[in-house]
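Note that the sequence shown covers residues 204 to 420 in this note's numbering.
Reviewing the structure listed below.
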Amino acid sequence: MSAPALTITEIYPSIQGESTFAGQPCTFVRLTACDLRCRWCDTVYAFTEGRKQSVEDVLAEVRAIGLPLVELTGGEPLLQKQAIPLMQALIDEGYTVLLETGGHVPIGDVPAGVHRIVDVKCPGSGEAERMHWPNLDMLTQRDEVKFVIADRLDFDYARDVVTTYDLAARCRAVHLSPAWGLVPPADLAAWILESRLPVRLQLQQHKYVWEPSARRV
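Below is the structure:
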């Protein structure tokens, strides 16, 4: 019997545009399907597109690209159970592995050694009520948290979560990103400075390098 397959939208090399790894060459493994519908989502094509591939098939493509940094993204990677053995296999082969996850799926089974980048959905996303809050209690100094900010209400929400969960002390970094086209970066920068919040302003570097609608994002 063949091993269970993953549904993969695309595997490609690009420049990491977010997190503390921003600016580094990275292989992206984009898994298909997401059960969230964030209002500002820029990868709706990953909801349904994709092809079946085994863990070994994915590993072969990653090896062929030849970059030491690999990110699993989506969609929502943790909706597919085979994402767990894939991440473990990548760790075992010596890759630095990032996981971009929407925050609503438990992260407890993610292999040790993976850098978990957990997105906390703010009200402007339309999906804030879906957050799995115990995920924040599992964060370590290897992990990072991201908030996408669509307006001042979102910023105030993020500020309260950062403070309540002491995220700046709990994890490697806390990022606040302006929702593309909705909040001027200068406005978000001003709010951060005004609040003295211990976070990082994050701009999506890939969208400044390539067109925002390009598939290499």
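Glycine included, every Cβ here is placed at the ideal spot set by N, Cα and C.
Computed from a prediction, not measured in an experiment: that's the story for all the values here.
Quick check on DSSP: helix, strand or coil for residue i?
| i | result |
| --- | --- |
| valine 420 | Legend: pLDDT at valine 420 = 42, less than 50; position of this residue unreliable, value from coordinates given subsequently. Note: valine 420 maps to coil in three-state DSSP. |
| tyrosine 215 | strand |
| methionine 204 | With a pLDDT of 47 at methionine 204, under the threshold of 50, the predicted position of this residue should be treated as unreliable, and no value is reported. |
| arginine 333 | helix |
| isoleucine 310 | coil |
| aspartate 238 | coil |
| phenylalanine 350 | strand |
| aspartate 322 | strand |
| glutamate 279 | coil |
| valine 273 | strand |
| leucine 404 | strand |
Under DSSP, the beta strand (DSSP E) around residue i begins and ends at which residues?
| i | result |
| --- | --- |
| arginine 233 | 228–234 |
| lysine 410 | Careful: lysine 410 lies outside any beta strand (DSSP E), inside the alpha helix (DSSP H) at 408–412. |
| threonine 304 | 299–304 |
Taking residue i as part of the alpha helix (DSSP H), name the residues at either end of that continuous run.
| i | result |
| --- | --- |
| alanine 376 | That residue, alanine 376, is in no alpha helix (DSSP H); its beta strand (DSSP E) goes 376–381. |
| threonine 366 | 355–367 |
| glutamine 291 | 286–295 |
| glutamate 259 | 258–268 |
| proline 387 | First-last for proline 387: undefined, no H or E at that position. |
| alanine 372 | 370–373 |
Rounded to whole angstroms, how far is the Cβ of residue i from the Cβ of residue j, which I believe are closer than 8 Å?
| i | j | result |
| --- | --- | --- |
| valine 402 | leucine 379 | 5 Å |
| isoleucine 294 | glycine 316 | 5 Å |
| glutamine 219 | glutamate 274 | 7 Å |
Between the Cα of residue i and the Cα atoms of the options, which residue gives the shortest distance?
| i | options | result |
| --- | --- | --- |
| glutamate 221 | Val247, Leu289, Gly253, Phe231 | Phe231 |
| glutamine 407 | Val351, Ala376, Tyr360, Asp369 | Val351 |
| aspartate 322 | Ala382, Gln291, Val412 | Ala382 |
| glycine 327 | Ala361, Trp413, Leu342, Gln285 | Ala361 |
| methionine 305 | Met290, Glu347, Leu270, Leu396 | It is worth fixing the name first, because residue 305 is glycine in this sequence and not methionine. Among Met290, Glu347, Leu270, Leu396, the Cα nearest to that of glycine 305 is on Glu347. |
| alanine 208 | Gly297, Val261, Met290, Tyr298 | Val261 |
| glycine 329 | Asp357, Gly278, Gln291, Ile320 | Asp357 |
| alanine 236 | Cys229, Ala392, Thr246 | Thr246 |
| arginine 233 | Pro280, Tyr368, Thr367 | Pro280 |
| arginine 345 | Val313, Arg242, Glu397 | Val313 |
| glutamine 283 | Leu385, Thr223, Arg240, Pro309 | Pro309 |
Under 8 Å, Cβ to Cβ, is there at least one residue of chain C near residue i?
| i | result |
| --- | --- |
| proline 228 | The displayed structure is made up of one protein chain only, and chain C is not part of it. |
Contact the stretch 332–342 vs the stretch 246–264: 3+ CB pairs below 8 Å: no
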